[in-house]
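A.B. asks:
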Amino acid sequence: MELTKFCPRCGKETEKLYGEEKKLCPECYPEDNDLLQIPDTVELDICEVCGRLRKHGEWLEEYTLEDQLSARFEEFSVEDVRMELQYWEEDDRMFVRVHAFKSEIKDEYDTEIRYNKEQCNTCSRFEGGFFKVKMQLRGEKDLERISNRVADTAAEVTNEDRKDFMSNVEEADGGYNFFFSTEKIAREILDMLKAKHNPEVKRSYELIGEEDGQEVYRNVISVRLG
Ligand SMILES: [Zn+2]
Ligand SMILES: [Zn+2]
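Following this line, the structure appears as structure tokens:
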């Protein structure tokens, strides 16, 4: 006599059944059970000036769509469930499909991305006016070589848009200070540094003077390489 295990829903023979009370095959299991709880819409709070993402009240140095989505969707992660994200655009709206995998079970969930454009606490000091960025590069590593790479990357960014440029670089306190014309170029330099060096990044601002009776501030980004 032969004894086989089968799925009571689809009748297929199967090696393994899943579930607490009602046990189903890996294809039928996701019909009754969600591997992940993904809401219909997921909001991304982005600073419209520096492009950073807010997560749990903290502004993260995440600028690319890929980094921002993975930081945001991390919040929905569940132990033993692997997540893969895909996105598509439709009528100026953006959607993400979350593929979920748990052993041989797979499922997918679609959600719409909503952007909330805000100003972070650092950028709101500037009231949206023109300002410059100072980047302080510090750390133990071969800073001179990295400083040259910053200059090369800055030149590439300037080639794409002349508004974005590095106006000055100075050696200071065991490191380098770079001065950039826009947040955009500073962001691209940070992305480059993050991809290679996993730095610690802190933001602040400093008062650099007064113009037409208004205090003028400058964004300061401190980058420490491990
Ligand atoms: Zn089944
Ligand atoms: Zn900002």
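The opening residue of the sequence shown carries number 1 in my numbering; numbering runs sequentially from there. Glycine included, every Cβ here is placed at the ideal spot set by N, Cα and C.
#1: For R224, which of S181, Q136 and E48 has the nearest alpha-carbon?
#2: Just verifying my parser: in three-state terms, what is the DSSP assignment at E118?
#3: Cα separation between L207 and R82?
#4: In the DSSP output, what is F315 paired with across the bridge?
#5: By Cβ distance, which residues of its chain are closer than 6 angstroms to R25, with the 5 residues on each side in sequence left out?
#6: Is there contact here, the stretch 48–66 with the stretch 104–121, by at least three beta-carbon pairs under 8 angstroms?
#7: Quick check on L65: does DSSP put it in helix, strand or coil?
#8: Is K106 near ligand 1, judged by its Cβ being under 7 angstroms from some heavy atom?
#9: Measure the CB-CB distance between V169 and A155 and report whether it falls below 8 angstroms.
#10: Would you tell me roughly how many angstroms separate the C-alpha atoms of E140 and K194, rounded to the nearest one?
#11: Can you tell me which of F180, Y176, R97 and R162 puts its alpha carbon nearest to the alpha carbon of N148?
C.D. replies: The answer reads as follows:
#1: Q136
#2: strand
#3: 46 angstroms
#4: With the chain covering 1 to 226 only, the question about residue 315 has no answer from this structure.
#5: Sequence inspection shows Cys at residue 25; the Arg mentioned does not correspond to that position. So the list reads C7, K12 and T14, once near-sequence residues are dropped.
#6: yes
#7: helix
#8: no
#9: no
#10: 16 angstroms
#11: Y176
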